[in-house]
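Okay, structure first, notes after.
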Amino acid sequence: MTSLLVPPESIRGMTCLDRTAFTVTVELPFLKICGTTLSKTIPVIKKYLFKKRNFKSVQRENDETVIYLNPMLIKTFEDFTENEKEQLLEMYEDFGTTKLILKYDNWASYEILRAILPKEIDVPTSYSIIGHILHLNLRDMHLPYKTIIGQVYLDTIPNIRTVLNKINMIDTTFRNFTMEILAGDENTITTVKENGYTYELDFSKVYWNPRLSTEHETVVMYMKSNDVLYDVFAGIGPFAIPAARKGIKVFANDLNPESYKWLQKNVVINKVQKNIRCFNMDGRDFLKTIFKADILNRRAANKAGMEHIVMNLPALAVEFLDVFFDFFDKNEIKQMCCQPPTIHLYCFVKTNKGEDACKLGQLLIEQKLGCKLSSDSLIELHFVRNVSLNKDMIRVSFLLTENILKDEEPAMKRLKTENTVDALSDNITENNGEEQRTPKETNEQKCV
Ligand SMILES: C[S@@+](CC[C@H](N)C(=O)[O-])C[C@H]1O[C@@H](n2cnc3c(N)ncnc32)[C@H](O)[C@@H]1O
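Here you go:
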């Protein structure tokens, strides 16, 4: 029998899961009360309840209610405070201790893994859930235990059927990563809900990040029903589909044939076919052809509404800005910019202590444009999320004004800024180190 509420020490270092080895007997204090006083008793003893997975700390037995208490906090009745004792004396019928057998099913994932892993190895507690998939970013020190870690999460987290681990950095063109299944079903096709929309996707083949849900919602909120959205790196549609549902005319593009396939499917699932056209092109070609033709037609027809260009490929989007210099002649720039479209551009910035990540994002874009974003053109600098220790994701929303595009020869402008862009080039490599979350991540900070 153990008085400590942890699995037995004998399982330390286990690499092949033996669920029977997690059984311990504990001595548990309890209070017996008659049913009618339960609502008065609970507020007094709430903080002492014995909480374990698959175990009810308040149990009805015939006419009586038994309340099990945490033995680390209460051993005898004397352990309650004077005030608590006074209140309980009027309500309880019996106080005693009983033996309880705790099994594998009663331990939480942290308790199980803390008991298994060597003391010097941290328990991997950070994960994302994408439909039925639990996605871990294990570190090297965890790898000898990866199978057991996967199995424990599969057993303990509700509704999970697959546990997988990312095995390289996000470095493919399509922003997905190589992964290995640690436990459960091999099927990586899943369904997620975000902001009331349903998306189907194959998590092993497309990009999906549940941490962008607020950002998707925020950007779509900017748009009005007679606006147009050109989503250059649309993925499976988390900006495009909500926008189309709002009545916005959407051109959604993604180079990854798999993203394009799921995007089309999600358009149907969410019944927004009427307002969306999908494209499977390189973003630069999409801007040069589809975007250019549509915006110039809109100007020629004097259409109402604003245009939004969303560029969520944070590691590289800034590199696509040259399209606006290189593929629009002076006349076309004049036409397009008589009512400047809004660009919502995402980037990564590498920050040192005390540096303003939003300002670095602005600087990065200004260097690429070769001019300052004046107060007339800058709409918002928005801190989206902390990606890893010194790396943040920023959105810079700005109007693509004629001043930005007309001032100098584009080649000259870029030449002038080449060195400084190089100095920031670290910003365009992503490792997506999501396991290194800091408090900054749960932000919705606006910088302008
Ligand atoms: C970071 S993901 C964003 C997806 C989606 N907008 C979202 O918020 O979830 C970037 C997307 O850009 C696509 N992509 C990468 N390079 C591209 C390119 N050159 N042209 C068009 N799409 C590209 C990837 O396939 C991926 O779906």
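Residue 101 in the UniProt record's numbering is what sits at position 101 of the sequence shown, and the numbering runs on without skipping anything. We treat Cβ as the ideally placed atom computed from N, Cα and C, and that holds for glycine. The model shown is predicted, which means the values in this text are computed figures rather than measured ones.
In terms of Cβ geometry, D202 and T188 form a close pair [threshold 8 Å]. CA-to-CA, the gap between K47 and P144 works out to about 38 Å. In this chain, the alpha helix (DSSP H) harbouring C358 covers 357-369. Taking all protein chains in view, the Cβ of G131 is crowded by 16 or more other Cβ atoms within 10 Å, so the residue is classified as buried. F286 carries a helical assignment under DSSP once its states are collapsed to helix, strand and coil. V349 has D392 as its beta-bridge partners, per DSSP. Judged by beta-carbon spacing, F55 lies beyond the 8 Å limit of L28, meaning their Cβ atoms are not closer than that value. Distance between C337 and I149, taken at the CA atoms: about 55 Å.
Straight-line spacing of the CA atoms in F328 and Y346 works out to 23 Å. Residue nearest to M281 within the set K303, N209, G235, Q367 is G235 (criterion: CA-CA distance).
With distances taken between CA atoms, Y104 lies nearest to A21 out of D376, F348, A21, D254. Cβ atoms of M91 and I121 stay farther apart than 8 Å, at about 46 Å. Bounds of the alpha helix (DSSP H) holding Y153 are 146-156. According to DSSP, Q59 shares a beta bridge with V66.
At a cut-off of 7 Å, the beta-carbon of S259 counts as near ligand 1: some heavy atom of the ligand is closer than that. V6 and I276 have their alpha carbons spaced roughly 55 Å apart.
In this model, L321 and W107 are separated by some 53 Å (Cα to Cα). Between the segment 260-273 and the segment 225-244 there are three or more inter-stretch CB-CB distances shorter than 8 Å, so the stretches are counted as touching. Under the three-pair Cβ rule at 8 Å, the segment 283-302 counts as touching the segment 248-255. If you compare the alpha carbons of T156, A317, Q339 with that of L364, the shortest gap goes to A317.
Assignment of beta-bridge partners to C278 by DSSP yields A252. Taken through DSSP and simplified to helix, strand or coil, S397 comes out as strand. An exposed status is given to G196, since fewer than 16 other beta-carbon atoms sit within 10 Å of its beta-carbon. In the three-state DSSP reduction, N297 falls in the helix class (H, G or I). Relative to Y207, the option among Y127, S259, E64, Y110 whose CA is nearest is S259. Here DSSP, grouped into helix, strand and coil, assigns C337 to helix.
For ligand 1, no non-hydrogen atom lies closer than 7 Å to the CB of F291.
A direct Cα-to-Cα measurement between E9 and T25 gives close to 14 Å. DSSP, read as helix, strand or coil, puts T214 in helix. Bounds of any alpha helix (DSSP H) do not take in L100; it lies within the beta strand (DSSP E) bounded by 92-102.
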